[in-house]
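Okay, so here's the structure we're looking at.
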Amino acid sequence: MITIQQNPQSKIKDVSFDNLVFGKTFTDHMFLCRYRDGKWHTPEIKPYEPLTLDPSASVLHYGQAVFEGMKAFKDDQGKVWLFRPDENFRRINRSSHRMQIPEFPEDYFFEGLHQLLKLDHEWIKSGIGNSLYIRPFVFASQSTVQAAASEEYIFMIICAPVSTYYTGAEINVLITEEFSRAANGGVGYAKAAGNYGAQFYPTSEALKKGFQQIIWTDADRHEYLEEAGTMNIFFKIDNKLVTAPTNDRILDGVTRKSIIQIAKSKGIDVEERPIRVSEIVEAHQQGLLQEVFGTGTAVVVLSINSFSYRDTTYPLPKENPVATLLKEELVGIQYNKKQDPFHWTVAVH
Ligand code: COI
């Protein structure tokens, strides 16, 4: 079903696995499937190489592109595991649907993913913290500047060996009221490329002031906390975990929903509800804000050291027992070190 062309020359020996920068090194192979004449054609796996695109390729002009982020892990016995890949598959098609991109067939996706991981399995290093970041994506490839949905697309999967997302010691975030990430009826829930591109300017401005990420507030009144650039956000207030509910502005994060399920299974109270910025500030003032952390495929579970709002910085406790417990549990499942009561992991070979 898939045409496979093996790379005769692996680059793996040139890679320093101890010094990986997130998302800059890619494996030997890539998966590619073209849509034209109203259907997806036979997928191929071939040596990782640059693409040739016509300068008029629709994606370059109108940004019709969506992506996913998922990971494969290697356990101590050398077996490779995917974590909830069905969630990523469903979500890329939800994102595609919103962006008027044709949905991708399930059998192509899973067959492609498994074959690709078999070919590149040596790129996955065992040991907690090491993983293979898998980036499925699809974009409009028709040569036209007509402002209409493209009639041709390319669906690809590329893979990057990674360790931690952030290398710095501290994560300080800015709660912003100036810019907006997503609005009602928009594409905030989709992993649309432009959702990320639109964050780069405000995030760069925040970085200059020492903040690694922005926590976005609702576009309407800037009263409610939504999500950060690459992660959903959790607050532990008075021993309860609180996170914003998913809606058409917020990404339905796979790590987010996994953490909620793990927390509930540990008897931790979790509330998915709108959270006012004022509630967080008041909880901080009353000493009830115990932990703030982000979740995401790339960052996993990331404790936040401080947040800043309207020019005041609010330092957070150094100890993060709940984030630590939930991360250990999640990572234990992902690396096949702990039982997987939720049946989330899928063996590759
Ligand atoms: C992920 O966690 O997969 C993300 O979407 C973050 C990515 C933009 C680096």
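If you're matching positions, the sequence shown starts at 0 in numbering that gives the first Met the number 0 and goes up one per residue.
All C-beta atoms in this analysis are idealised placements derived from N, C-alpha and C, irrespective of residue type, glycine included.
- Of the other Cβ atoms in all chains shown, fewer than 16 fall within 10 Å of the Cβ of L50; this residue is therefore exposed.
- The beta carbon of K326 sits closer than 8 Å to those of V299 and V300, all from its chain and outside the five residues before and after it, given in chain order.
- DSSP, read as helix, strand or coil, puts E177 in coil.
- Judged by DSSP in its simplified three-state form, W215 adopts strand.
- Taking 8 Å as the upper bound for CB-CB distance, D74 and Y334 are in contact here, some 6 Å apart.
- The segment 96-173 is shown to contain whole alpha helix (DSSP H) runs of 4 or more residues at 105-118, in chain order.
- The alpha-carbon of S277 is positioned some 15 Å away from that of K235.
- Around the beta carbon of D119, a 10 Å sphere encloses 16 or more other beta carbons of the protein chains shown; the residue is thus reported as buried.
- By the criterion of at least three beta-carbon pairs nearer than 8 Å, the segment 256-274 is not in contact with the segment 308-319.
- Here V65 really is in contact with V137; their C-beta atoms are around 6 Å apart, less than 8 Å.
- Annotation: L206 is outside any beta strand (DSSP E); the continuous alpha helix (DSSP H) that includes it extends over F199 to K207.
- Counting only the Cα atoms, G193 lies some 26 Å from H28.
- If the five residues before and after T2 are omitted, its C-beta is found closer than 7 Å to the C-beta atoms of T41 and E43, all from its own chain and listed in chain order.
- For the ligand COI, no non-hydrogen atom lies closer than 7 Å to the CB of A146.
- About 6 Å separates the CB atoms of Y34 and E151; that is less than 8 Å, so the two are in contact.
- In the DSSP assignment, M69 is bridged to I133.
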